[in-house]
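K.L.:
Chain order of the listed sequences is A and D.
When the letters of the first sequence are read in order and numbered with our numbering, they come out as residues 82 to 275.
When the letters of the second sequence are read in order and numbered with our numbering, they come out as residues 82 to 275.
Beta carbons are placed, not taken as given, at the ideal position from N, Cα and C, and that holds for glycine.
There are 2 protein chains.
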Amino acid sequence: MYPPEIEKLINTLSRFPTVGPRTATRFAFYLLNLSDKERENVIEAISALSNISMCSLCYRSTEKEVCSICSDERRDKSTLCVVEQETDLTSIEKTKFYGGLYFIMGGTVSPLRKKDFDNVRGKELKERASQEEVKEVIIATNQNTEGESTALYIERVLKSCGVKVSRLGRGLPTGGELEYADEETLKSALKGRS
Amino acid sequence: MYPPEIEKLINTLSRFPTVGPRTATRFAFYLLNLSDKERENVIEAISALSNISMCSLCYRSTEKEVCSICSDERRDKSTLCVVEQETDLTSIEKTKFYGGLYFIMGGTVSPLRKKDFDNVRGKELKERASQEEVKEVIIATNQNTEGESTALYIERVLKSCGVKVSRLGRGLPTGGELEYADEETLKSALKGRS
Chain A
82 MYPPEIEKLI NTLSRFPTVG PRTATRFAFY LLNLSDKERE NVIEAISALS NISMCSLCYR
142 STEKEVCSIC SDERRDKSTL CVVEQETDLT SIEKTKFYGG LYFIMGGTVS PLRKKDFDNV
202 RGKELKERAS QEEVKEVIIA TNQNTEGEST ALYIERVLKS CGVKVSRLGR GLPTGGELEY
262 ADEETLKSAL KGRS
Chain D
82 MYPPEIEKLI NTLSRFPTVG PRTATRFAFY LLNLSDKERE NVIEAISALS NISMCSLCYR
142 STEKEVCSIC SDERRDKSTL CVVEQETDLT SIEKTKFYGG LYFIMGGTVS PLRKKDFDNV
202 RGKELKERAS QEEVKEVIIA TNQNTEGEST ALYIERVLKS CGVKVSRLGR GLPTGGELEY
262 ADEETLKSAL KGRS
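1) Does any C-beta atom of chain A lie closer than 8 Å to the C-beta of E174 (chain D)?
2) Skipping 5 residues on each side, what residues in its chain have a beta carbon closer than 7 Å to that of S95 (chain D)?
3) Per DSSP, T160 (chain D) is paired with what?
4) Would M186 (chain D) count as contacting chain A if we go by Cβ distances under 8 Å?
5) Quick check on P254 (chain D) - is its C-beta less than 8 Å from some C-beta in chain A?
6) For the segment 135-147 of chain D against the segment 179-187 of chain D, do three or more pairs of beta-carbon atoms, one drawn from each stretch, fall closer than 8 Å, so that the two count as touching?
7) Would you call the segment 191-199 of chain A and the segment 217-235 of chain A in contact, with 3 or more CB pairs under 8 Å?
8) Can you list, in chain order, the residues of its chain whose CB lies under 8 Å from that of K158 (chain A), leaving out five sequence neighbours each side?
9) Could you tell me if the beta carbon of R202 (chain A) falls within a distance shorter than 7 Å of some heavy atom in the ligand ZN?
10) I think I235 (chain D) touches I219 (chain D), with their Cβ atoms under 8 Å apart; what is that distance to the nearest whole Å?
11) Could you tell me if F108 (chain A) is buried or exposed, where buried requires 16 or more neighbouring beta carbons within 10 angstroms of its beta carbon?
12) Counting contacts by CB-CB distance shorter than 8 Å, is N225 (chain D) in contact with chain A?
13) Rounded to the nearest angstrom, what separates D117 (chain A) and F97 (chain A) at their Cα positions?
14) Consult DSSP for R120 (chain A) and reduce its assignment to one of helix, strand or coil.
15) A58 (chain D) and L253 (chain D) look like a contact to me (Cβ under 8 Å); what is the Cβ gap, rounded to whole Å?
Structure follows, in structure tokens:
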């Protein structure tokens, strides 16, 4: 229906997360209707990503060898917070409550798909957590099936590292009402009472 | 929080239709996690758009001077269907019911913003509809506020062209039930009874 260039772009954009063929078509026509200059800006913004590398300690995106968090002298080097992805790290940083360092797993594992283990940084985490300064690892994966199985995997990886391992607290979210909380959340809230 | 390259990309992607900062962040990290080769493919797909031009008759995207619909000898050259944008044209083509030609306005006008008139192809439509072979113009704008005001604008533009002007039928959609139809739809269905 559309010229091959547009069909190809729709196809490419359909692979973006949460994007289906309909939204991809809207994006393609948005890009088509941009001026040459504006389209060049989009291309440049994407190209600039190749200047970005990963922090050699936490795997956060950075332009330096070691990122601004890992190289910050004021941060507590004895605690490592393990998250699934960089956006999770950002969420925790926004609380301004955590003063330790991070480690980004780069994904989740499923107990049913062994090959997932190659997609996350299990070996790298083991190595990092074995360094002398690390005393505690906080597992901060999501509270869903993938997050849970990833947490179990991380616990197994850390077994031989001799570090204290903890998990994020579970319970009612702020503003949460007992009437509307699901059973699992209430159970966690009871177990994790303080 | 993120390196400037990522912040800039998030900013650029936030301008895509229906995309907010959260989704733009997901897109940015999706692009960051692609291999250099895959990212190059995305860039090439966007760059290829500059090969695309617009049909000189209907303003549909095409690689030729006149698009495949406008140059199709079997199509009825006396009828012109005016749509807001190319995706609307595609929707009508999918019905395989319409055998005439098209004209893409390129946007909508609002009675409150006079400058919108420069963003749509009013002058070009007038010229096209004045050509001798054109006998009827079907206004196929959306059934919403912008579509309605654009339809009124198109009617005004066509006044002096001496062509028959019609509108898409309004009424219950296929599968629609009276119980759930809104008043305006029912009114249109009554007026447009056949």
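P.N.:
Based on what the coordinates show:
1) yes
2) G101, P102, A105
3) D:E217
4) no
5) Between P254 (chain D) and chain A, the shortest Cβ-Cβ separation is not below 8 Å.
6) yes
7) yes
8) G181, L182, E214, V215
9) For the ligand ZN, the structure offers nothing, since it holds no ligand at all.
10) Their Cβ separation, rounded to whole angstroms, is 10 Å, which puts I235 (chain D) and I219 (chain D) out of contact at 8 Å.
11) buried
12) Taking Cβ atoms only, chain A never reaches closer than 8 Å to N225 (chain D), which makes this a no.
13) 23 Å
14) Note: R120 (chain A) maps to helix in three-state DSSP.
15) Shown here, chain D extends from 82 to 275; a query on residue 58 (chain D) therefore has no answer.
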